[in-house]
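Take the sequence shown: its letters are residues -3 to 416, numbered as in the numbering used here.
Before any comments, here is the structure.
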Amino acid sequence: MSRPAAVDGARLLRSLADFAAIGATPAGGVNRQALSIEDRRARRLLAERAWGRGFSVFQDEAANLFIRREGVHVDLPPLLIGSHLDSQPTGGRFDGALGTLSAFEVLEALDDAGVSTARPVEVVAFTNEEGSRYAPGCMGSMAFAGVHAVSAWHEVMAPDGTRLEEDLAATLKALPEAVMRHARPDILAFIELHIEQGPVLERETVPIGAVTAVQGTKWLEVTFTGQAAHAGTTPREFRKDAMAAAANAIAELQATVMAADPQSRLTVGRLTLQPGSVNVIPEQVTFTIDLRHPDGAALAVLEALVRKTCAIAGERWGCTAAIGLLLDMASGVFDSTLVDAIETACRSRKIACRRMTSGAFHDALFVNRIAPSAMLFVPCRNGVSHNEAEFVEDRHVLLGAEALLELTLNLAGRRTASEN
Ligand SMILES: [Zn+2]
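Have a look at this one:
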């Protein structure tokens, strides 16, 4: 006999505290970087809890960790839910851990209630989402999605000189009881619960965000080159002032881009001047532009606008403008059926929910390339994350897990009466 599955709030909060103790920092945060001893301890704790429940535990060549609760139909592709367990060196207790542990709580809640699902449900903890010890981030999910084989990163080195290949092997070896998966199983869909890492939900007092897309990101590096000259003796018409051109371009872009489209983001985060002397007209100015938009076509239009604006500013001040592309991370639009399903799940549990885009990238962005994916966000205090002060209110932790449980039941299929 089964009864309605319910999240055990006290158990989930205890579980968050247990994992926050692994790599705990004096300031209340977490240092549990990917493939470190602490990361291995967290993976073992989760695996042991899974075995204690009779769930199966798998890992793949990227050390992604999977916990499977069997469904009635064992050969149907499973629903995948989860996030990551690694943190920044001065990270918080919730980034990644919240999504992974809430997903595990869903499995426990189903088990406690004796509820079977038609499909298997698997919890995943993707390896190295943060990219702090080994760059880039999202290695585990990229490998899972077939963007790169994990061997492509074997030679990447941690700051202490350890090669990724060594740490990867040691991490896999630290869980010898887990079954090795050499091929990626088909999955029905992937759902990732995560903290918002921004201020929108808290400001609007909405506990759940249904994420429709992850912004694309482009990093541009602009260099204006003019001519160094005396600050006192050079009249306006003789000046080839690289800083004037840069200031002109930056002011123009800051005044127009985000004002014209509230979904766009433009940040000038680094600027250097040559020769950098008080009484010399700058010969060369280099600055970066971080440009983001959820729509790939709109992002391309923004890049073209930056190029044109810089060309005009350069011409105005007798300078050349050269623009390089340092990073080009495509946006991802999540599956609309899944986004609808998040709203439906929230509605049936009477949890307020709003649609939103994600400003940061996540594992779900990569899994989305091979299977329908979507994300739920919960608010974090002042939008702060990647920070030891990161904080999520207990009630938001519980509402997030409840929404994830309802969604899991809807997607994995409640067992019908005839199957009981
Ligand atoms: Zn994260």
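Beta carbons: idealized from backbone N, C-alpha and C, even for Gly.
Small disclaimer: the values here were computed from a predicted structure and weren't measured.
Spatial distance of residue i from residue j (CA atoms)
i: Phe54; j: Val175; result: 5 Å
i: Tyr130; j: His190; result: 22 Å
i: Gly222; j: Gln250; result: 23 Å
i: Glu248; j: Gln259; result: 18 Å
i: Ile366; j: Gly396; result: 25 Å
i: Val329; j: Asn275; result: 50 Å
i: Leu405; j: Ile338; result: 12 Å
i: Asn378; j: Arg199; result: 8 Å
i: Ser103; j: Ala317; result: Checking the sequence shown, residue 103 turns out to be Leu, not Ser. Using only the alpha carbons, I get a separation of about 56 Å.
i: Ala139; j: Ala240; result: 45 Å
i: Pro417; j: Gly67; result: The question about residue 417 has no answer, for the chain in this structure spans -3 to 416.
i: Ala243; j: Met325; result: 27 Å
i: Met371; j: Val202; result: 15 Å
i: Thr263; j: Phe100; result: 38 Å
i: Leu422; j: Ser344; result: Nothing in the structure corresponds to residue 422, since the chain is present only between -3 and 416.
i: Ser381; j: Leu94; result: 13 Å
i: Asp35; j: Phe15; result: 10 Å
i: Val374; j: Cys315; result: 47 Å
Which listed residue (the options) has its alpha carbon closest to that of residue i
i: Val117; options: Glu126, Asp107, Thr123 and Asn124; result: Asp107
i: Ala141; options: Glu161, Ala58 and Arg312; result: Ala58
i: Arg(-1); options: Asp56, Val276, Ala43 and Val111; result: Val111
i: Phe122; options: Thr213, Thr201, Leu42 and Ala318; result: Leu42
i: Leu12; options: Asp91, Asp71, Phe283 and Leu72; result: Asp91
i: Phe62; options: Ser52, Val68 and Thr316; result: Ser52
i: Phe234; options: Ala294, Ala224 and Ala242; result: Ala224
i: Asp71; options: Arg115, Thr252, Gly228 and Asp56; result: Arg115
i: Gln84; options: Thr268, Leu407, Ala385 and Arg410; result: Ala385
i: Ala407; options: Ala179, Pro368 and Val120; result: The residue you asked about is not Ala; residue 407 is Leu in the sequence shown. Ranking Ala179, Pro368 and Val120 by Cα distance to Leu407 puts Pro368 first.
i: Trp47; options: Arg180, Ser327 and Glu173; result: Glu173
i: Gly127; options: Lys304, His80 and Ala370; result: His80
i: Arg351; options: Val196, Leu361 and Val281; result: Val196
C-beta contact flag for residue i and residue j at 9 Å
i: Gly205; j: Gly355; result: no
i: Gly87; j: Asn27; result: yes
i: Ser32; j: Asp163; result: yes
i: Ala296; j: Gln270; result: no
i: Gly136; j: Arg89; result: no
i: Lys236; j: Trp149; result: no
i: Leu216; j: Ile285; result: yes
i: Cys342; j: Glu402; result: yes
i: Asp291; j: Gly212; result: yes
i: Ala105; j: Asp4; result: yes
Near ligand 2: residue i beta-carbon under 8 Å from a heavy atom
i: Ile204; result: In terms of ligand content, the structure shown lacks ligand 2 and carries ligand 1 instead.
Counting Cβ pairs closer than 8 Å, one from the segment 61 to 79 and one from the segment 181 to 200, do we hit at least three? yes
What is the chain-ordered set of residues for which the beta carbon lies under 5 Å from any non-hydrogen atom of ligand 1? Asp91 and Gly92
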